[in-house]
């Protein structure tokens, strides 16, 4: 069985390798696949980490079913149809029970896995099966060449695996309004008051965590963009914030580096928000040990080996975990929903202008602020969502008017 191990190269590049748990030696074929098929194809670090995780589950399936992939390829006896079905079922489960037994993997049983009844989201299953198909077909083709032609059964096996994937819907097609309700906004603002009894954070991190939420709320940036902000990105003379792409940054010690997925851009910042940023840098952040050596805005405040280092993705997620658990009505609030909230507020703001810009102009303005490529269609999704909401309001108003007119006629 395999496990993943992440590390940072001297060049700053983040990488992941698959290690054989029994021998402690890197698995040759799996790592060759990650390198040649993903890294050399310019896949992102997150994609490589995800694929590596999928391969650990695939090899767990081989171990449970006693499948020797090398022998199957040598004899051209690839996975049977019932084994393909079993693979789909196996990859649909969560593996918490297995992870509890990593000290002694022999303690794990298929019965325990099935009894846990935990299944992954269909998008995760889609990704797992896609990686499984790519790896099995790639692995099998290494045994054939022009002297020993590839059997048709191998490509058919790949199509069988892909056919079992659940229907995959693009996220942009889900026109569900994920903006915060007015109640959620009020509760969130209440929790962020520094002296409020409902503030769930310790006094040493209240200012930092409040600033994290305010920046996401007022600027609509992604979590990765937030964690990538450096003090040098904050221009206090003209109140602007630079959102820059810094993949494989050498001086970033985080193995799972937060990345900026959007275009580089400068955003104007309000006086009040920039004042809070400046206050945090000069007071709370300055008091943190080792923080003066860190170029990033948000640092770890908790004493330990990482104190003063850039805030990690897991620590950022913990901020939202604490907020969600502190108030029951905030159980569904996330940092990314604030991005949807910003876009919702942006649509309302433009709609209330005396001469609102056209749909095309709105899309260009929104794309520029969000860092999207013009014409990508992402901005148009939010425009359609707002138009749909306005249409719903007009339809309900028309129904109420018709009912009131009917009541007058009855009288």
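In this note's numbering, the protein residues as written are 6 to 416. Every residue, glycine too, gets a C-beta built ideally from N, C-alpha and C.
Could you check whether residue j and residue i sit closer than 9 Å to each other, using their CB atoms as the reference points?
i: residue 23; j: residue 48; result: no
i: residue 421; j: residue 219; result: Past the boundaries of the shown model lies residue 421; the chain is included only from 6 to 416, so the question cannot be answered.
i: residue 138; j: residue 167; result: yes
i: residue 324; j: residue 196; result: no
i: residue 170; j: residue 78; result: no
i: residue 224; j: residue 347; result: yes
i: residue 158; j: residue 83; result: yes
i: residue 282; j: residue 274; result: yes
i: residue 261; j: residue 318; result: yes
i: residue 370; j: residue 362; result: yes
i: residue 149; j: residue 74; result: no
i: residue 142; j: residue 97; result: no
i: residue 248; j: residue 272; result: yes
i: residue 328; j: residue 338; result: yes
i: residue 376; j: residue 269; result: yes
i: residue 13; j: residue 258; result: yes
i: residue 239; j: residue 279; result: yes
i: residue 308; j: residue 294; result: yes
Spell out the partners DSSP gives residue i in its beta bridges.
i: residue 248; result: 270
i: residue 10; result: 22
i: residue 98; result: 124
i: residue 304; result: 315
i: residue 299; result: Answer is none; residue 299 lacks a bridge partner.
i: residue 240; result: 245
i: residue 235; result: 301
State the start and end residues of the unbroken alpha helix (DSSP H) segment that holds residue i.
i: residue 20; result: Taken as a continuous stretch (DSSP letters only), residue 20 belongs to no alpha helix (DSSP H), being part of the beta strand (DSSP E) at 19-25.
i: residue 78; result: 74-79
i: residue 128; result: 127-146
i: residue 369; result: 364-375
i: residue 191; result: 187-196
i: residue 344; result: 340-356
i: residue 50; result: 50-69
i: residue 169; result: Note, residue 169: premise wrong, no alpha helix (DSSP H); not H, not E.
i: residue 284; result: 276-284
i: residue 418; result: Coverage of the chain is limited to positions 6 through 416, which leaves residue 418 absent and any answer about it impossible.
i: residue 35; result: 33-38
i: residue 264; result: Note, residue 264: premise wrong, no alpha helix (DSSP H); not H, not E.
i: residue 229; result: 228-232
Give me, in chain order, the residues of the same chain whose beta-carbon lies closer than 7 Å to that of residue i; leave out the 5 immediate sequence neighbours on both sides.
i: residue 64; result: 6, 7
i: residue 107; result: Here residue 107 scores only 47 on pLDDT, less than 50, and its place in the model should not be relied on; the value that follows carries that caveat. Result list for residue 107: empty, nothing under 7 Å.
i: residue 5; result: Because the chain is modelled from 6 through 416, residue 5 falls outside the range shown and cannot be assessed.
i: residue 188; result: 334
i: residue 396; result: none
i: residue 206; result: 214, 327
i: residue 340; result: 221, 228, 325
Identify, in the order they occur along the chain, each residue of the same chain with its Cβ nearer than 8 Å to the Cβ of residue i, setting aside the five sequence neighbours on each side.
i: residue 9; result: 21, 22, 23, 24, 54, 57, 58, 61
i: residue 172; result: 127
i: residue 276; result: 244
i: residue 178; result: Its pLDDT being 45, under 50, residue 178 is placed unreliably by the model, and the measurement read from it follows with that caveat. So no residue of the chain qualifies.
i: residue 86; result: 165
i: residue 226; result: 220, 248, 272, 344
Enumerate in chain order the residues of its own chain whose CB-to-CB distance from residue i is below 6 Å, with the five nearest sequence positions on each side excluded.
i: residue 387; result: 348
i: residue 407; result: none
i: residue 165; result: 89
i: residue 92; result: 66
i: residue 11; result: 21, 260
For the ligand PLP, I want to know if residue i counts as a neighbour, meaning its beta carbon is within less than 8 Å of at least one of the ligand's heavy atoms.
i: residue 329; result: Inclusion of the ligand PLP in the displayed structure is not the case, the ligand content being empty and no account of it being possible.
Legend entry - contact_flag[the segment 300-307, the segment 223-237] where n(CB pairs < 8 Å) is 3 or more: Touching, yes, given that three or more Cβ pairs across the two stretches are closer than 8 Å.
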